[in-house]
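Notes follow once the structure below has been shown.
Residue numbers (the numbering used here): 61 to 194.
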């Protein structure tokens, strides 16, 4: 089950990044899920708001996955994300995402990365959006 969730998450993220398909990725999360990363402070935003904000931050974006560590109820994904921000500046950063699951739904998602690799504008935009959500 967890292996399917990891594959479904990666496929849904790729659809979000390439096609701006928000529905597929949001469908993987439970209604009471926790989502966040090292830039967002507000843990009460839902999956839809989190992933919409993520996608709107970038003009072009693509993630590739290097390692998947899957156990019963917890998955760790190591990734590299690259693309261009809304001003056309290129970025490239690495990180790890932790997914906690209950059955086939993601109940908690948190991404760990160095926000300085994103550039000052993206970090500032994320902090502003996170603060406006609180």
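We treat Cβ as the ideally placed atom computed from N, Cα and C, and that holds for glycine.
| query | result |
| --- | --- |
| How do the region 84-96 and the region 116-132 stand: do at least 3 beta-carbon pairs fall below 8 Å, yes or no? | no |
| Assign residue 124 to one of three DSSP states: helix, strand, or coil. | strand |
| Relative to the C-alpha of residue 76, which candidate in 168, 152, 101, 108 has its C-alpha closest? | 108 |
| Going by the C-beta, is residue 147 closer than 8 Å to any heavy atom of the ligand NAP? | The model on display carries no ligand, and the ligand NAP is accordingly not part of it. |
| Helix, strand or coil for residue 113, going by three-state DSSP, please let me know. | helix |
| Could you give the distance in angstroms between the alpha-carbon of residue 137 and the alpha-carbon of residue 167? | 16 Å |
| Nearest-angstrom Cα distance between residue 170 and residue 86? | 15 Å |
| Measuring alpha carbon to alpha carbon, tell me which of 105, 104, 172, 135 ends up nearest residue 68. | 135 |
| Using 9 Å as the threshold, is the C-beta distance between residue 141 and residue 155 below it? | yes |
| Between 79, 101, 165, which has its C-alpha nearest residue 66's C-alpha? | 165 |
| Classify residue 168 as helix, strand or coil using the three-state DSSP reduction. | strand |
| Alpha carbon to alpha carbon, what distance is there between residue 152 and residue 174? | 11 Å |
| Ignore the nearest five residues each way along the sequence and tell me which others in residue 71's own chain have a CB closer than 7 Å to its CB. | none |
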